[in-house]
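J.:
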Amino acid sequence: MKLEITVRGPGEGGSYPIEIGPGVLGKIGNRIADLLGKAPEKAAIISNKKVFGLYGEHAAGSIASAGPEVSTHLIGDGERFKNFRTLERTIGFLLEKGLGRTDVIVALGGGVVGDLAGFAASIYLRGVPLIQVPTTLLSMIDSSVGGKTAVNTGFGKNLIGTFYQPRAVLIDPSVLSTLSEREVRAGLFEAVKHAALSGQRLLAATEAMISKLESGEKSGSTETNALFEGLGPGIGAHIEFKAGIVSGDEREKTDRVDARSRKILNFGHTFGHAIEKITGYRSLLHGEAVGHGILFAAALSNNLGLLAEHELKLLYDVVHRVGPLPPIDKIDPREIFATFEYDKKRINDTVQWILLEGIGRPVIVPHTQIPEAAFMSAFKQVTNH
Ligand code: NAD
Ligand code: GLY
Numbered sequence: 002m003k004l005e006i007t008v009r010g011p012g013e014g015g016s017y018p019i020e021i022g023p024g025v026l027g028k029i030g031n032r033i034a035d036l037l038g039k040a041p042e043k044a045a046i047i048s049n050k051k052v053f054g055l056y057g058e059h060a061a062g063s064i065a066s067a068g069p070e071v072s073t074h075l076i077g078d079g080e081r082f083k084n085f086r087t088l089e090r091t092i093g094f095l096l097e098k099g100l101g102r103t104d105v106i107v108a109l110g111g112g113v114v115g116d117l118a119g120f121a122a123s124i125y126l127r128g129v130p131l132i133q134v135p136t137t138l139l140s141m142i143d144s145s146v147g148g149k150t151a152v153n154t155g156f157g158k159n160l161i162g163t164f165y166q167p168r169a170v171l172i173d174p175s176v177l178s179t180l181s182e183r184e185v186r187a188g189l190f191e192a193v194k195h196a197a198l199s200g201q202r203l204l205a206a207t208e209a210m211i212s213k214l215e216s217g218e219k220s221g222s223t224e225t226n227a228l229f230e231g232l233g234p235g236i237g238a239h240i241e242f243k244a245g246i247v248s249g250d251e252r253e254k255t256d257r258v259d260a261r262s263r264k265i266l267n268f269g270h271t272f273g274h275a276i277e278k279i280t281g282y283r284s285l286l287h288g289e290a291v292g293h294g295i296l297f298a299a300a301l302s303n304n305l306g307l308l309a310e311h312e313l314k315l316l317y318d319v320v321h322r323v324g325p326l327p328p329i330d331k332i333d334p335r336e337i338f339a340t341f342e343y344d345k346k347r348i349n350d351t352v353q354w355i356l357l358e359g360i361g362r363p364v365i366v367p368h369t370q371i372p373e374a375a376f377m378s379a380f381k382q383v384t385n386h
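If you want it as structure tokens, here you go:
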């Protein structure tokens with residue numbers, strides 16, 4: 002079954018489709034030609050060795066069969082390669098290949114490839130068409146949708162980037178069959194984030210995805226395409242939620258603090274980014290840091306009298322059902338709070354916390370309005386549960 006979702010954009014790129022279904026990978030070539038009006042002369046695939054080794058030939062074959070001359074640039078695998086050096090090399094590759102403004106860049110990979118290739122596509126010749134082909138659960142439900150691109154620097158993650166919408170996002174859920182269980186769980190933590198913000202319906206769809214994967218693990222069928230193809234509707238539900246938010250606030254307006262502002266998608270991220278930074282981006286996957294961040298923000302919401310006890314427990318249960326989170330009890334809480342202060346001084350006037358008044362009821366609260374004791378108690382809760 003193929004699903005199609007349209008991201009409605011007020012931005013310069015206009016609306017774009019997100020297509021989800023088995024076999025999408027083998028049809029990229031024809032879809033690119035349709036989306037761009039005609040087949041481009043050149044297509045550059047940006048990927049990494051692992052993903053290209055698994056799916057590159059299939060994707061490149063499909064694109065080449067529609068006409069374009071295909072070239073491939075492989076970047077290093079991992080968060081540490083999402084940097085200026087990789088960006089410069091990628092731009093150098095595009096220049097060398099002589100890619101023009103009517104050609105296309107195809108990002109084939111997870112969020113690291115997508116964020117970096119998206120950034121390159123947005124600045125090369127002041128913008129060339131981009132197709133996102135996400136291959137991790139996290140990149141399917143989150144990073145490929147909404148047009149945020151970025152690289153990291155020594156000052157922190159994702160501080161340098163652009164808003165640049167792709168021409169399309171093409172998703173084949175069966176590629177998840179080769180993703181490690183830990184990476185699948187990392188994507189599910191981001192899914193719980195969406196569910197907590199959206200409400201009971203998306204929470205039920207998320208739990209259905211978790212159940213499907215649990216039953217696959219029990220029956221030893223996690224390597225079958227059918228299991229992952231079955232995640233299509235769940236992935237679609239998450240994309241619909243994110244697409245709805247970003248369509249209404251494409252560039253995350255700084256002065257918006259309402260419950261539909263794009264800022265709410267940062268739920269779990271203030272704490273998550275802090276622990277990623279303190280652990281040197283080594284021991285936690287991004288999704289796992291967000292998993293801890295969800296627990297922290299939920300505990301904080303409860304401490305402030307915003308989130309009822311039974312809803313707090315519900316969220317904790319879902320996060321724990323996804324699977325184990327790497328321990329963070331060795332981190333000194335003072336280091337985490339120092340990170341909030343650092344971010345506040347260097348980047349923002351004030352750190353804003355995305356908290357919950359209930360499942361599906363986010364609220365934005367300035368850091369300065371939260372007593373330190375509430376933070377300390379939330380930290381104890383997430384490290385002692
Ligand atoms: P990732 O891109 O590092 O991919 C995780 C691992 O899975 C990598 O080793 C990759 O090679 C491998 N992989 C990818 N697809 C595979 C497949 N089908 N089979 C086997 N292995 C596969 O990590 P990620 O979780 O996809 O993305 C994390 C990044 O996304 C972070 O940099 C984060 O900041 C960013 N992000 C961006 C946004 C956004 O809105 N732009 C949102 C959320 C996260
Ligand atoms: N992942 C947060 C956003 O896209 O805004």
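Heads up: the sequence shown at position 106 corresponds to 107 in my numbering, and the numbers run straight through without jumps. For each residue, glycine too, the CB sits at the ideal point set by N, CA and C.
Exposed or buried, what is S216 when buried is set at 16 or more other beta-carbons lying within 10 Å of its beta-carbon?
T.: Exposed, since its Cβ has fewer than 16 Cβ neighbours within 10 Å.
J.: In chain order, which beta strand (DSSP E) runs of at least 3 residues are fully inside the region 60-131?
T.: With a minimum length of 3 residues, the continuous beta strand (DSSP E) runs that stay inside the region 60-131 are 70-76, 105-110.
J.: Once DSSP output is grouped into helix, strand and coil, what is the label at Q166?
T.: Residue state, collapsed to three classes: coil.
J.: Do E277 and ligand 2 come close, with the Cβ less than 7 Å from some heavy atom?
T.: It does not: the Cβ of E277 is nowhere closer than 7 Å to a heavy atom of ligand 2.
J.: Cα separation between H74 and V366?
T.: For H74 and V366, the distance between alpha carbons rounds to 43 Å.
J.: Around the Cβ of G281, are there at least 16 other Cβ atoms within 10 angstroms (buried) or fewer (exposed)?
T.: Burial call: exposed.
J.: Provide the residue span of the alpha helix (DSSP H) that contains A227, from first to last.
T.: Per DSSP, A227 belongs to the alpha helix (DSSP H) from 226-230.
J.: Quick check: is any heavy atom of ligand 1 less than 7 Å from the C-beta of A196?
T.: No - ligand 1 has no heavy atom lying nearer than 7 Å to the Cβ of A196.
J.: Report yes if the CB atom of V193 is closer than 8 Å to the CB atom of A260, and no otherwise.
T.: No, Cβ-Cβ distance for V193 and A260 is not below 8 Å.
J.: If you measure from the CB of D143, is any heavy atom of ligand 2 nearer than 7 Å?
T.: Yes.
J.: At what residues does the beta strand (DSSP E) containing E5 begin and finish?
T.: Here the beta strand (DSSP E) through E5 covers 4-8.
J.: Taking the beta strand (DSSP E) that V152 belongs to, which residues open and close that run?
T.: It spans 152-154 - the beta strand (DSSP E) in which V152 sits, taken as one unbroken run.
J.: Between V291 and H270, how many whole angstroms is the CB-CB distance? I'm expecting something under 8 Å.
T.: V291 to H270, Cβ: 6 Å. Contact.
J.: Any heavy atom of ligand 1 within a distance shorter than 7 Å of the CB on H287?
T.: Yes, Cβ of H287 sits closer than 7 Å to a heavy atom of ligand 1.
J.: How would you label Q166, buried or exposed, when you count the other beta carbons within 10 angstroms and need 16 or more for buried?
T.: Burial call: buried.
J.: Any heavy atom of ligand 1 closer than 7 Å to the beta-carbon of G245?
T.: It does not: the Cβ of G245 is nowhere closer than 7 Å to a heavy atom of ligand 1.
J.: Taking the alpha carbon of G110 as the reference point, which residue from E20, L139, G245, E70 has its own alpha carbon closest?
T.: Taking only the C-alpha atoms, the option nearest G110 is L139.
J.: Do you know how far the Cα of N31 is from the Cα of G22?
T.: Taking the straight line from one Cα to the other gives about 15 Å.
J.: Can you tell me whether A299 is helix, strand or coil according to DSSP?
T.: Note: A299 maps to helix in three-state DSSP.
J.: Determine the extent of the beta strand (DSSP E) in which A45 is found, giving its start and end residues.
T.: Counting along the chain, the beta strand (DSSP E) containing A45 begins and ends at 43-49.
J.: According to the neighbour-count rule (16 or more other Cβ atoms, all chains shown, within 10 Å of its Cβ), is K83 buried or exposed?
T.: The residue is buried, with at least 16 neighbouring Cβ atoms inside 10 Å.
J.: From what residue to what residue does the beta strand (DSSP E) around E251 run?
T.: Note, E251: premise wrong, no beta strand (DSSP E); not H, not E.
J.: Using only the heavy atoms of ligand 2, determine whether one of them is closer than 7 Å to the beta carbon of K158.
T.: No, the beta carbon of K158 sits no closer than 7 Å to any heavy atom of ligand 2.
J.: What number of angstroms, rounded off, separates the C-alpha of L131 from the C-alpha of Q382?
T.: Using only the alpha carbons, I get a separation of about 43 Å.
J.: Report yes if the CB atom of T340 is closer than 8 Å to the CB atom of T369, and no otherwise.
T.: It is not a contact, given that the beta carbons lie outside the stated cut-off.
J.: Does the Cβ of Q133 have 16 or more other Cβ atoms within 10 Å, making it buried, or fewer, making it exposed?
T.: Buried, by the Cβ-count rule.
J.: Just to confirm my understanding: we take D143, look at its own chain, exclude 5 residues before and 5 after, and list those with CB closer than 7 Å. What are they?
T.: Counting only Cβ-Cβ distances below 7 Å, and skipping sequence neighbours, we find E191, K243.
J.: Leaving out five residues before and five after G62 in sequence, what residues of the same chain have Cβ atoms less than 7 Å from its Cβ?
T.: None.
J.: Count the other C-beta atoms from every protein chain shown that fall within 10 angstroms of the C-beta of F312, then say buried if there are 16 or more, exposed otherwise.
T.: According to the sequence as given, residue 312 is Glu; it is not Phe. Flag for E312 reads buried.
J.: From the DSSP output, in three-state form, read off G359 for me.
T.: Strand at G359.
J.: Taking 7 Å as the cut-off, is the C-beta of R263 nearer than that to any heavy atom in ligand 2?
T.: Yes.
J.: So for I365, helix, strand or coil by DSSP?
T.: It is a strand residue.
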